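Colleague: Next up is a structure, given as structure tokens.
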Amino acid sequence: MTTSIPRPVRLLHPRFTRSLASASSPAPDSLASARAHCLATLSRHDRPAIFIHRALPPAAKDTYLALRALNATLLSIPDRVPTPPLQRLRLSFWSTALEDTFSGSPPAEPICTLLAACCSSSSSSASLRFWTLRLLRARSAIPPSPPASLAALESTAEQSYASISYAALAAAAPPCTTADHISSHIAKAAGLAATLRGLPILTSARDPLLGLPLDVLARHGVREELVVRYGPQADGLRDAVFDVATRAHDHLITAREILRDVKAGRAVNHEFEHMHDDGHVYHDKEDTSEWARIRKVFGVFLEAVPAADYLHDLEKAQFDPWRVGKSWKLPFRMWWASSREDI
12 MTTSIPRPVR LLHPRFTRSL ASASSPAPDS LASARAHCLA TLSRHDRPAI
62 FIHRALPPAA KDTYLALRAL NATLLSIPDR VPTPPLQRLR LSFWSTALED
112 TFSGSPPAEP ICTLLAACCS SSSSSASLRF WTLRLLRARS AIPPSPPASL
162 AALESTAEQS YASISYAALA AAAPPCTTAD HISSHIAKAA GLAATLRGLP
212 ILTSARDPLL GLPLDVLARH GVREELVVRY GPQADGLRDA VFDVATRAHD
262 HLITAREILR DVKAGRAVNH EFEHMHDDGH VYHDKEDTSE WARIRKVFGV
312 FLEAVPAADY LHDLEKAQFD PWRVGKSWKL PFRMWWASSR EDI
């Protein structure tokens with residue numbers, strides 16, 4: 012079920028007044044300021060994304076940075092804005108701001124400034140617009156509600172995390188089915204891992220939310236009120252966490268198998284299920300080898316490393332998300348994966 016975005020509302024506040032500069036040529040100082048703002052947003056909310064950003068090809072850096080900062084900003088709306096009506100108003104601002112950005116009249120907002128620069132420097136502005144608005148739709152549920160099934164949670168992960176990866180891939184190189192396929196599985200794993208990572212935070216929030224799939228909760232007899240009260244000691248919770256973690260791990264295994272097949276020059280035995288979805292347009296095969304094309308954009312696949320790192324620590328904690336802390340080894344593991352070109 013697709014959630015509609017609220018009708019755009021103009022916010023008359025000095026911070027959001029339109030810039031007089033042309034969207035096609037943002038001033039160098041404003042562009043540098045926009046990058047700094049987006050990096051600061053990731054530093055607060057999504058530090059692993061900073062390491063991924065550093066490993067990307069130059070053509071994809073700004074696209075990835077803008078969309079990752081947008082994703083973090085949209086996810087933070089329920090925490091920063093107290094009531095659903097105000098949250099919808101905030102979402103309406105983003106709907107209007109993004110539409111205006113892709114129409115050539117971006118507001119003076121750092122993420123929009125960076126997206127406008129990406130549009131002016133890339134031949135794939137239509138693709139960027141599609142994936143950006145798809146990300147916005149994926150994050151538009153206010154108030155958020157738990158997914159009906161594990162498949163629905165995977166779909167949300169694909170619509171959000173994969174949209175960022177698809178846009179970065181399109182900015183860096185001509186469309187490649189295999190690159191998108193790998194990114195799709197990694198994005199699903201990342202989204203599922205993020206759901207598990209967020210359990211201790213969401214269940215202790217002002218309006219507690221247990222974001223696990225309803226079919227998984229029902230299978231193991233998990234009751235939301237008991238999770239809010241007892242945390243990991245609630246009956247069936249660890250079994251439910253195990254189910255979601257197992258599915259995330261399966262996606263990582265598939266992504267690794269595809270990558271290793273491509274490196275070895277073997278045919279990929281997995282069909283890309285989203286190949287014919289909107290937004291995916293592939294041209295005739297290029298003269299360069301498939302592995303050469305994959306190597307050019309390998310930095311995008313580093314999204315798999317934080318997910319794998321978290322799942323490993325979660326297993327060591329006996330599937331208790333409350334016992335999993337930040338991994339001080341993560342920067343090294345991401346560097347190691349990048350240097351070996353293996354996830």
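Residue numbers (our numbering): 12 to 354.
Backbone N, C-alpha and C define an ideal beta-carbon position, used for all residues, glycine too.
Please read these numbers as outputs of a predicted model, since none were measured by experiment.
#1: Can you find the residues in the same chain that come closer than 7 Å, C-beta to C-beta, to G209, ignoring five residues on each side of it along the sequence?
#2: Spatial neighbours of A71 within its chain, please: C-beta separation below 8 Å, excluding the five flanking residues on both sides.
#3: Under the assumption that A256 contacts I197 (Cβ atoms under 8 Å), give the Cβ distance between them as a whole number of angstroms.
#4: For I153, which option in V92, S195, L263, A163 has the closest C-alpha, if you only look at C-alpha atoms?
#5: R46: buried (16+ other C-beta within 10 angstroms of its C-beta) or exposed?
#6: According to DSSP, is C49 helix, strand or coil?
#7: Among residues of its own chain, excluding the 5 on either side of P96, which ones have a beta-carbon nearer than 7 Å to its beta-carbon?
#8: Give the C-beta separation of D57 and C129 to the nearest angstrom, bearing in mind that I take them to be a contact with Cβ-Cβ under 8 Å.
#9: So, does the region 157-164 touch the region 114-124, judging by three or more C-beta pairs under 8 Å?
#10: By how many angstroms is the C-alpha of A200 removed from the C-alpha of L53?
#11: Residues in the same chain with beta-carbon distance under 6 Å from I88, minus the five sequence neighbours each way, listed in chain order, please.
#12: Taking the Cβ atom as the reference point for each residue, do R79 and I175 lie within a distance shorter than 8 Å?
#13: Check A184 in the structure and name its three-state DSSP category.
#14: Return the first residue and the last residue of the alpha helix (DSSP H) that E169 is part of.
#15: Work out the CA separation of R351 and W302 for me, nearest whole Å.
#16: Can the beta-carbon of V252 be found closer than 8 Å to that of L322?
#17: Give the DSSP-derived three-state secondary structure of A34 in the structure shown.
#18: Which residues in the same chain as S33 place their Cβ atom closer than 7 Å to its Cβ, once the five residues preceding and following it in sequence are excluded?
#19: Flag this pair as yes or no: are the beta carbons of A319 and L263 separated by less than 8 Å?
#20: If you count every other CB in all the chains shown that lies within 10 Å of the CB of R217, and 16 or more means buried, which is it?
#21: According to the neighbour-count rule (16 or more other Cβ atoms, all chains shown, within 10 Å of its Cβ), is E169 buried or exposed?
#22: So, are the CB atoms of L372 and V238 less than 8 Å apart?
#23: Going by Cα to Cα distance, which pick from A66, E268, D250 is closest to L313?
#24: How long is the line joining the alpha carbons of A173 and D353, rounded to whole angstroms?
#25: Thinking C-alpha only, which one of F343, D324, M345 is nearest V335?
#26: Considering only their Cβ atoms, is the gap separating G232 from D246 smaller than 8 Å?
#27: Quick check: the Cα distance between L139 and Y75, rounded to an integer number of angstroms?
#28: With a 10 Å radius around its C-beta and 16 neighbouring C-beta atoms as the bar for buried, classify R271 as buried or exposed.
#29: Consult DSSP for L102 and reduce its assignment to one of helix, strand or coil.
Modeller: This is what the structure gives:
#1: G222
#2: A179, L180, A182, A183, V308, G310, V311
#3: Going by Cβ atoms, the distance from A256 to I197 rounds to 15 Å, so no, they are not a contact pair.
#4: V92
#5: buried
#6: helix
#7: none
#8: Going by Cβ atoms, the distance from D57 to C129 rounds to 19 Å, so no, they are not a contact pair.
#9: no
#10: 20 Å
#11: Q98, R101
#12: yes
#13: coil
#14: Taken as a continuous stretch (DSSP letters only), E169 belongs to no alpha helix (DSSP H), as it is neither H nor E.
#15: 14 Å
#16: no
#17: Because A34 sits at a pLDDT of 41, beneath the cut-off of 50, its placement in the model cannot be relied upon, and the point is left open.
#18: Here the model assigns S33 a pLDDT of 40, short of 50, so the residue's position is not dependable and the matter cannot be decided.
#19: yes
#20: exposed
#21: buried
#22: The requested residue 372 does not occur in the structure, where the chain is confined to residues 12 to 354.
#23: A66
#24: 19 Å
#25: D324
#26: yes
#27: 10 Å
#28: exposed
#29: helix
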